[in-house]
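> After the structure tokens below, expect a handful of questions from me.
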Amino acid sequence: MRAKLEITMVVAILCLVVCSSLAASPPAKSEQVRQAAVAGGFYPADPNELAAMVDRFVAQANVPAQKAEVVALVAPHAGYPFSGAVAGHSYALIKGRPTHRVVVIAPSHFEAFSFTSVYDGDAYSTPLGEVRVDKEFARKLVSLNPEIQLSSQGHVPTAAGPEHALEDQLPFLQRVLGDFQLVPIVMGEQSYQSSRALGVALAELIRGTDTLIVASSDLSHYHPYDEAVKIDGKTLNAIGEFDYLTLSDNFANRTWEACGGAPIVAAMIAAERLGATHAQVIKYANSGDVTGDRSRVVGYGSVAFFKDANAGRSETPKFSLTSSEKRQLLEIARKSVESAVKEGKPYPLPANLPASLMQDRAAFVTLKENGELRGCIGYTEAVQPLAETVRDVAAYAALRDPRFRPVTPGELPQIKYEISVLSPLRHVANTNQVKVGEHGLMIVKGQTRGVLLPQVAAEQHWDRDTFLDETAMKAGLPPKAWRDNDADLFAFTAVVFGEAEISRPFMPNEGPVWPSPPARPGQPAPGSPPQ
């Protein structure tokens, strides 16, 4: 009996110790799951209905056969009835592809913050289930740049509304890929430097892995149908030309529109560094194509960035002008200067100009008087049609070049004109690709930029390294700054023609004069699609 009593006491003591220990231990931390916030609004809340809708969009997509590897995608994020068919074209390209990880980069529509936010939680949830966050990748990513931070900002719904741009992509990914890990990123800052910081960091971590990048973005907002098609065509053309610097600048200037402009640029920078050789616009449409209301539409684009091991990097097609088109541009430059100098007003462009002169192109106009430079100003990036650019910068060169007094009416007969029409900008991954006499260069480092036109290096008999050094010094940087990790070089070609023998065109130290940005996009009309 005594023995049984002792055993009972020992068991009781052990139970007391265990219970005390459990009471002292902190409770297990619950997981942080970002719940579906726009189910039942942007897309169906019922999982069966949602799966059927997504599958239908993907099945109906008519996509080109591709052997090249898809590195990154652009897909829209409006309500599925409006943009789902376009998004289906993006995701049809990767259906069934073995993919361990997907990085989704989205803009912030409702919450302002000055960094790139990588979700600090454990999962995102949709009616189709949870998608786990790759927390190890997220930790490594934020360690690479202080502009990238672990945070719930931009992810967790606020009083202003729930962010939909990232969530909208997940049901498509769940249906075409099945199981994968997610890296959810929301960009609060839309600058080129923020896009570059994220793109460079992603490329460093992704290289050699089966990771897909998705940039979530709609295009222009609330313009008449034809105007939207025109604006969106320029945006998609720049993406197809891989000119992401012009793209970023024109988004910042509100010349072009895309609510996810910074995510697109970041994805392009990462894709390029991961070996993407070309971009392809797969599908374009806008809300007017769905609703029939063409008064105020929203644009949607599907774009893919491909890596083809058997192909070199695609080059921008050579731009050329006929002799007649060159004469027309020189006439526009001359009449623009005469109108600005004599009458103080812009020259009205003639009607029915050739289509080539109405394409958005960058250009410089150089004025010479008795063989001496009298003014030179230009745009380094395509901000408006070529004929308008030549008209405007010719007048600026005559009246606004800060190195010279304005041209007077008495000087006009002696002025000779030279025009340089620039190709789109392409990032220089390897300086051995720079061809002296063929390429012009732009250097970008932080907020500092410098440009030299193609003919400069040949006329000065520079070798490649001298040309690179001179470009850096043109920006006010040390000669070897082009080697710095935070510096980008962009190359371009030019069609150069004039009334006199071509000589070296200089540019004012203050850089090109930019036009006033266009008005902000219109406000949503009643019944507009959710954005």
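When we follow the working numbering, the leftmost residue of the sequence shown carries the number 200, and every step to the right adds one. Beta carbons: idealized from backbone N, C-alpha and C, even for Gly.
(1) Consider the Cβ of Val375: report whether some Cβ of chain D lies at a distance smaller than 7 Å.
(2) Report the rounded CA-to-CA distance for Ala466 versus Ala414, giving the unit in angstroms.
(3) What three-state label does DSSP hand Gly360 in the structure shown?
(4) How about Val262 and Ile438: do their beta carbons lie closer than 7 Å?
(5) Pull the bridge partners of Asn485 from the DSSP assignment, please.
(6) Which same chain residues, not among the five before or five after Ala470, have their C-beta less than 7 Å away from its C-beta?
(7) When you compare the segment 315-323 with the segment 227-240, are there three or more beta-carbon pairs, one atom per stretch, that lie closer than 8 Å?
(8) Out of Ala594, Asn631, Ser622, point me to the one whose CA is closest to Tyr616's CA.
(9) Mind checking who His420 pairs with in its DSSP beta bridge?
(10) Ordered along the chain, which non-local residues of its own chain (more than five positions away) have a Cβ less than 8 Å from that of Glu698?
(11) Determine whether the beta carbon atoms of Ser390 and Ser350 lie at a separation below 7 Å.
(12) In chain order, which continuous runs of the beta strand (DSSP E) of length 3 or greater are located wholly inside the segment 349-415?
(13) Let me confirm a value: Glu542 is counted as buried when at least 16 other C-beta atoms fall within 10 Å, else exposed. Which label applies?
(14) Under DSSP, the beta strand (DSSP E) around Arg300 begins and ends at which residues?
(15) Leaving out the 5 sequence neighbours to the left and right, which residues in its chain are closer than 6 Å to Pro275 when beta-carbon positions are compared?
(16) Please report the distance separating the alpha-carbon of Ile304 from that of Val355.
(17) Taking Val620 and Arg560 to be in contact with their CB atoms under 8 Å, please state how far apart those CB atoms are, rounded to whole angstroms.
(18) Compute the Euclidean distance between the alpha carbons of Leu676 and Glu669, then round it to the nearest angstrom.
(19) If you drop the 5 nearest sequence neighbours on each side, which residues of the same chain put their C-beta closer than 6 Å to that of Ala359?
(20) Please confirm if the segment 654-674 is in contact with the segment 634-645, defined as three or more CB-CB distances below 8 Å between the two stretches.
(21) Between which residues of its own chain and Ser535 is the CB-CB distance below 6 Å, once the five residues before and five after are set aside?
(22) Hey, quick one: how far does the alpha helix (DSSP H) through Phe312 stretch, first residue to last?
(23) Counting Cβ pairs, one atom from each stretch, are 3 or more of them under 8 Å apart for the segment 488-502 and the segment 600-607?
(24) Kindly indicate which three-state DSSP category Lys506 falls into: helix, strand or coil?
(25) Straight-line CA distance for Tyr578 to Leu556?
(26) Between the Cα of Arg331 and the Cα atoms of Pro383, Gln583, His477, which residue gives the shortest distance?
(27) Hey, how far is the Cα of Gln348 from the Cα of His477?
(28) Can you give the Cα-Cα distance for Leu404 and Glu537, rounded to whole angstroms?
(29) Just to confirm my understanding: we take Val587, look at its own chain, exclude 5 residues before and 5 after, and list those with CB closer than 8 Å. What are they?
(30) Less than 6 Å separating the Cβ of Phe518 from some heavy atom of the ligand SAH?
(31) Which class does Tyr318 belong to by DSSP, given the choice of helix, strand or coil?
(32) Could you tell me whether the segment 422-435 touches the segment 445-459, where touching means 3 or more Cβ pairs closer than 8 Å?
(33) Taking a contact to mean a Cβ-Cβ separation below 7 Å, would you say Ala581 touches Thr445 in this structure?
(34) Please list the terminal residues of the continuous alpha helix (DSSP H) segment that includes Ile463.
(35) Could you pull the start and end residues of the alpha helix (DSSP H) that Val338 belongs to?
(36) Tell me the start and end of each unbroken beta strand (DSSP E) in the segment 572-639 that is at least 3 residues and wholly inside, in chain order.
In this structure, then:
(1) Protein chains in the displayed structure number just one, and chain D is not present.
(2) Along the sequence shown, read from residue 1 onward, the residue named residue 466 stands at position 267. Along the sequence shown, read from residue 1 onward, the residue named residue 414 stands at position 215. Going from the Cα of Ala466 to the Cα of Ala414 covers about 6 Å.
(3) Walking along the sequence shown from the start, residue 360 turns up at place 161. Correct three-state label for Gly360: strand.
(4) As a first step, residue 262 must be located in the sequence shown, where it is residue number 63. As a first step, residue 438 must be located in the sequence shown, where it is residue number 239. No, the pair does not count as a contact, with Cβ atoms beyond the cut-off.
(5) The residue given as residue 485 occupies position 286 in the sequence shown. BP columns for Asn485 point to Gly498.
(6) In the sequence shown, the residue the question calls residue 470 occupies position 271. Counting only Cβ-Cβ distances below 7 Å, and skipping sequence neighbours, we find Val270, Ala271, Ile412, Phe504.
(7) yes
(8) Position 417 of the sequence shown, counted from the first residue, corresponds to residue 616. Answer by Cα proximity: Ala594.
(9) As a working mapping, residue 420 is identified with position 221 in the sequence shown. BP columns for His420 point to Val497.
(10) Taking the first residue of the sequence shown as 1, we reach residue 698 at position 499. Same-chain partners within the cutoff: Leu529, Lys615, Tyr616, Glu617.
(11) On the sequence shown, residue 390 is found 191 positions in, with the first residue counted as 1. On the sequence shown, residue 350 is found 151 positions in, with the first residue counted as 1. No. Outside cutoff.
(12) 380-386, 410-415
(13) Position 343 of the sequence shown, counted from the start, is the residue given in the question as residue 542. It counts as exposed.
(14) For the purposes of this step, residue 300 is taken as residue 101 along the sequence shown, with counting starting at 1. Taken as a continuous stretch (DSSP letters only), the beta strand (DSSP E) holding Arg300 covers 300-306.
(15) Taking the sequence shown and counting its residues from 1, one reaches residue 275 at position 76. Ser282, Val285, Ala286, Asp417, Tyr499, listed in sequence order.
(16) Here the question's residue 304 lines up with position 105 in the sequence shown. Here the question's residue 355 lines up with position 156 in the sequence shown. The straight-line gap from Cα to Cα measures roughly 15 Å.
(17) What you label residue 620 is simply residue 421 of the sequence shown in a count that begins at 1. What you label residue 560 is simply residue 361 of the sequence shown in a count that begins at 1. With a Cβ gap of about 6 Å, Val620 and Arg560 count as contacting.
(18) Numbered from 1 along the sequence shown, position 477 holds the residue referred to as residue 676. Numbered from 1 along the sequence shown, position 470 holds the residue referred to as residue 669. For Leu676 and Glu669, the distance between alpha carbons rounds to 9 Å.
(19) For this step, residue 359 is matched to residue 160 along the sequence shown. These residues qualify, in order along the chain: Phe309.
(20) yes
(21) Along the sequence shown, one-based indexing puts residue 535 at 336. So the qualifying residues of the chain are Tyr546, Arg590, Ala593, Ala594.
(22) Within the sequence shown, residue 312 is the residue found at index 113, counting from 1. Looking at the DSSP string, Phe312 is not in any alpha helix (DSSP H), and its letter there is neither H nor E.
(23) no
(24) Reading the sequence shown from its first residue, position 307 is the one you call residue 506. The answer is strand: DSSP assigns Lys506 an E or B state.
(25) As a position in the sequence shown, residue 578 is number 379, starting the count at 1. As a position in the sequence shown, residue 556 is number 357, starting the count at 1. Tyr578 and Leu556: Cα-Cα distance of roughly 15 Å.
(26) One-based indexing of the sequence shown puts residue 331 at position 132. With distances taken between Cα atoms, Arg331 lies closest to Pro383.
(27) By 1-based counting over the sequence shown, the position of residue 348 is 149. By 1-based counting over the sequence shown, the position of residue 477 is 278. Near 30 Å, if we compare the C-alpha coordinates of His477 and Gln348.
(28) Indexing the sequence shown from 1 puts residue 404 at position 205. Indexing the sequence shown from 1 puts residue 537 at position 338. Cα to Cα, Leu404 sits roughly 56 Å from Glu537.
(29) If you number the sequence shown from 1, residue 587 lands on position 388. Rather than Val, the amino acid found at residue 587 in this sequence is Glu. Within the same chain, Glu587 has close Cβ partners Leu548.
(30) Judged by which ligands are present, the structure shown has none, so any question about the ligand SAH falls away.
(31) Working through the sequence shown from its first residue, we reach residue 318 at position 119. Strand at Tyr318.
(32) yes
(33) Residue 581 sits at position 382 when you count from the first residue of the sequence shown. Residue 445 sits at position 246 when you count from the first residue of the sequence shown. A contact, by the Cβ cut-off of 7 Å.
(34) Within the sequence shown, the letter at position 264 stands for residue 463. Element bounds for Ile463: 460-472.
(35) Translated into positions along the sequence shown, residue 338 becomes position 139. Just to set this straight, residue 338 is Arg in the shown sequence, not Val. Counting along the chain, the alpha helix (DSSP H) containing Arg338 begins and ends at 334-341.
(36) 614-621
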